[in-house]
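Undergrad: Each residue of the sequence shown is one higher than the one before, starting from 70 at the first, in this note's numbering.
From the three backbone atoms N, C-alpha and C, an ideal C-beta is built for every residue, glycine too.
If you're wondering where the values come from, they're calculated on a predicted model, not measured in any experiment.
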Amino acid sequence: MAEPATPPAPPPPHLPLVTPTRVVCAFLLGVPFVALLWVSSYSRLTPTFIGIPFFYWYQLAWVIVSALFTAAVFVLIRREEASRRALLTEREPS
Numbered sequence: 070m071a072e073p074a075t076p077p078a079p080p081p082p083h084l085p086l087v088t089p090t091r092v093v094c095a096f097l098l099g100v101p102f103v104a105l106l107w108v109s110s111y112s113r114l115t116p117t118f119i120g121i122p123f124f125y126w127y128q129l130a131w132v133i134v135s136a137l138f139t140a141a142v143f144v145l146i147r148r149e150e151a152s153r154r155a156l157l158t159e160r161e162p163s
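Following this line, the structure appears as structure tokens:
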């Protein structure tokens with residue numbers, strides 16, 4: 070039996086799936102759900118904002134806040150994926 074001329078390739082590097090960035094992203098995506106599903110926290114008429122009862126403008130404000138959170142999550146995930154990709158290509162055996 071002949072031995073192979075080159076040693077077997079090392080296993081691919083293991084990167085953690087749960088990272089602090091992903092935890093922050095999950096938190097940012099979960100906050101609007103909790104805030105809007107907890108109806109008793111905003112089920113009232115006062116204070117009003119430009120004549121609109123609190124119940125309505127609170128929900129509308131969360132539309133804007135949710136869009137900002139989603140944009141932040143998009144940027145954070147893209148940045149993390151780019152760094153993970155760079156790390157994997159850096160560790161890749163040549």
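1. Per DSSP, which one or two residues make a beta bridge with Phe-118?
2. With distances taken from CA atoms, which of Phe-118, Ala-140, Pro-122 is nearest Ser-112?
3. Could you compute how far the alpha carbon of Tyr-127 sits from the alpha carbon of Thr-158?
4. I need the DSSP call for Thr-88, collapsed to helix, strand or coil.
5. Nearest CA to the CA of Leu-137: which residue from Leu-84, Pro-76, Leu-97?
6. Under the three-state reduction of DSSP, which class applies to Arg-113: helix, strand or coil?
7. Cα-Cα, which of Val-132, Arg-154, Pro-85, Thr-75 is closest to Pro-101?
TA: In brief:
1. Ile-121
2. Pro-122
3. 46 Å
4. coil
5. Leu-97
6. coil
7. Val-132
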